[in-house]
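Enquirer: Pasting in a structure now, in structure tokens, and then I'll have a few things to ask.
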Amino acid sequence: VCSDSHTLRYYNTAVSGKGSGLPEYSEVGYVDDQQIVHYNSDSHLQRPVAPWMNNEGAEYWERETQRNKGNEPVFRHNVRTAMSRFNQTGGLHSYQWMYGCGLRDDGSTAGYMQDGYDGRDFMSLDTERGIYIPTMHEAQITTQRWNSPDVRVGERYRIYLQNECIEWLKTYITYGREDLERRVRPQVKVTGHRSGEVTKLHCQVYGFHPRAVDVKWMRNGRDEVPSDEAKKILPHPDGTYQTRVSVEVFLRDEDTYSCYVDHSSLEELLTVLWSPNENRTSYIGIICGVVAVLLVLVIAVTWDHSIQETLREESW
32 VCSDSHTLRY
42 YNTAVSGKGS
52 GLPEYSEVGY
62 VDDQQIVHYN
72 SDSHLQRPVA
82 PWMNNEGAEY
92 WERETQRNKG
102 NEPVFRHNVR
112 TAMSRFNQTG
122 GLHSYQWMYG
132 CGLRDDGSTA
142 GYMQDGYDGR
152 DFMSLDTERG
162 IYIPTMHEAQ
172 ITTQRWNSPD
182 VRVGERYRIY
192 LQNECIEWLK
202 TYITYGREDL
212 ERRVRPQVKV
222 TGHRSGEVTK
232 LHCQVYGFHP
242 RAVDVKWMRN
252 GRDEVPSDEA
262 KKILPHPDGT
272 YQTRVSVEVF
282 LRDEDTYSCY
292 VDHSSLEELL
302 TVLWSPNENR
312 TSYIGIICGV
322 VAVLLVLVIA
332 VTWDHSIQET
342 LREESW
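Residue 32 is where the sequence shown starts when you use our numbering, and the numbers rise one by one after that.
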């Protein structure tokens, strides 16, 4: 699994009206899943979040602060415009602009730009053609104007995403490379639970960095077992990641099942064999525990009847 692909993403959000407890305008920036900057209309300051962003000097922070101050009235206007398109006159509403670029390990690049309203897609930029695509009827007025030959907003952003955005991403990678590209080996735990004729196997992989990982179940070391669940890779507070891959199988005595994990921190593929005996051991332990409890109860029957009644009342 290659891990040296990186992304730069920004989320700009505006909310309608005051009194919600939220800033009317804010921006957060990320390299990969690590937040690097933050701005809001309460502080009116662009501030570093990742320590290595302090490599930038005062001129950078002043320029970014002024850029976002200029964004504030634009985004307030966008919220009001969207509300009018939906015939809304009050309530809490949000407008969000999401954009970013990516640099793959093979040197190729990618970019994206989306606008959202109240948590739903509003319109998006086709970064290959430099034109906007409406995803709501109410967005058509904007996309028609922005795509017109004398405006071509999308073309300007397409050039930005392919060039300037990538250059900034490379700069930030240089600042944070030690942190962004650190290698932490994954921990793996496999479990199984039988329900009727079906056994559900779980492979939990956790504590790894960077994010990219390949996890799959294999039958008899050669046949991949497909999973019906979408794999989600979730962050840990310590900066590492976790994921889980589950499959349902019909057990046969001659079959073996193993979880295969491929990650950039590993010199070779990590394979963890699931053994049904582990579950059986657990069941035996439970049965023995139940038998022990029953023996205690049998002995307890010989106790005084009034004491037995008292114990029953307390336990219920």
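We treat Cβ as the ideally placed atom computed from N, Cα and C, and that holds for glycine.
Check whether the stretch 194 to 205 and the stretch 36 to 54 touch, using three or more Cβ-Cβ pairs below 8 angstroms as the test.
Expert: Touching, yes, given that three or more Cβ pairs across the two stretches are closer than 8 angstroms.
Enquirer: DSSP puts ARG151 in a beta bridge; with which residues?
Expert: Along the sequence shown, one-based indexing puts residue 151 at 120. In DSSP, ARG151 forms a bridge with TYR148.
Enquirer: Anyone know if the C-beta pair for LEU349 and THR222 falls short of 8 angstroms?
Expert: With the chain covering only 32 through 347, there is no way to say anything about residue 349.
Enquirer: May I have the straight-line CA-CA distance separating GLY88 from LYS100, to the nearest angstrom?
Expert: As a first step, residue 88 must be located in the sequence shown, where it is residue number 57. As a first step, residue 100 must be located in the sequence shown, where it is residue number 69. Each residue's Cα considered, the two are about 19 angstroms apart.
Enquirer: Leaving out the 5 sequence neighbours to the left and right, which residues in its chain are closer than 6 angstroms to TYR394 when beta-carbon positions are compared?
Expert: Past the boundaries of the shown model lies residue 394; the chain is included only from 32 to 347, so the question cannot be answered.
Enquirer: To the nearest angstrom, report how far apart THR140 and LEU134 are at their CA atoms.
Expert: Here residue 140 is taken as the residue at index 109 of the sequence shown, counted from 1. Here residue 134 is taken as the residue at index 103 of the sequence shown, counted from 1. Each residue's alpha carbon lies about 5 angstroms from the other.
Enquirer: Going by CA-CA distance only, name the one from ILE264, ARG187, THR205 and LYS247 that's closest to VAL256.
Expert: Here residue 256 refers to the residue found at position 225 when the sequence shown is read from its first residue. When only C-alpha atoms are compared, the closest one is LYS247.
Enquirer: Going by DSSP in three states, ASN43 sits in which element: helix, strand or coil?
Expert: In the sequence shown, residue 43 corresponds to position 12, counting from 1. Reduced to three states, the DSSP call for ASN43 is strand.
Enquirer: Count the other CB atoms within 10 Å of the CB of SER72; is the residue buried (16 or more) or exposed (fewer)?
Expert: The sequence position of residue 72 within the sequence shown is 41, counting from 1. Answer is buried; the Cβ neighbour count reaches 16.
Enquirer: Express the C-alpha separation of ASP254 and ILE67 in angstroms, rounding to a whole number.
Expert: For this step, residue 67 is matched to residue 36 along the sequence shown. For this step, residue 254 is matched to residue 223 along the sequence shown. The straight-line gap from Cα to Cα measures roughly 42 angstroms.
Enquirer: In chain order, what residues of the same chain have a beta carbon less than 7 angstroms from the beta carbon of LYS220, not counting five sequence neighbours either side?
Expert: Walking along the sequence shown from the start, residue 220 turns up at place 189. Closer than 7 angstroms at Cβ, skipping near neighbours: GLN235.
Enquirer: At 3 residues or longer, and completely inside the stretch 132 to 196: list those beta strand (DSSP E) runs for me, N to C.
Expert: With a minimum length of 3 residues, the continuous beta strand (DSSP E) runs that stay inside the stretch 132 to 196 are 140 to 148, 151 to 157 and 162 to 165.
Enquirer: How far does the alpha helix (DSSP H) with ARG23 in it reach, from first residue to last?
Expert: The requested residue 23 does not occur in the structure, where the chain is confined to residues 32 to 347.
Enquirer: With a threshold of 16 other CB atoms inside 10 Å of the CB of GLY50, please say whether the residue is buried or exposed.
Expert: The sequence position of residue 50 within the sequence shown is 19, counting from 1. When all chains shown are included, GLY50 counts as exposed.
Enquirer: Between the C-alpha atoms of VAL80 and THR166, what's the straight-line distance to the nearest angstrom?
Expert: For the purposes of this step, residue 80 is identified with residue 49 of the sequence shown, where counting begins at 1. For the purposes of this step, residue 166 is identified with residue 135 of the sequence shown, where counting begins at 1. Those two C-alpha atoms are separated by around 33 angstroms.
Enquirer: Taking DSSP as the reference, what is the three-state secondary structure of ARG107?
Expert: Indexing the sequence shown from 1 puts residue 107 at position 76. Helix at ARG107.
Enquirer: Are GLN77 and GLU55 close, meaning C-beta to C-beta below 8 angstroms?
Expert: Here residue 77 is taken as the residue at index 46 of the sequence shown, counted from 1. Here residue 55 is taken as the residue at index 24 of the sequence shown, counted from 1. No; because the gap between Cβ atoms is not below 8 angstroms, this pair is not in contact.
Enquirer: If you count every other CB in all the chains shown that lies within 10 Å of the CB of ASP286, and 16 or more means buried, which is it?
Expert: To locate residue 286, count along the sequence shown from 1; it is residue 255. Under this definition ASP286 is an exposed residue.
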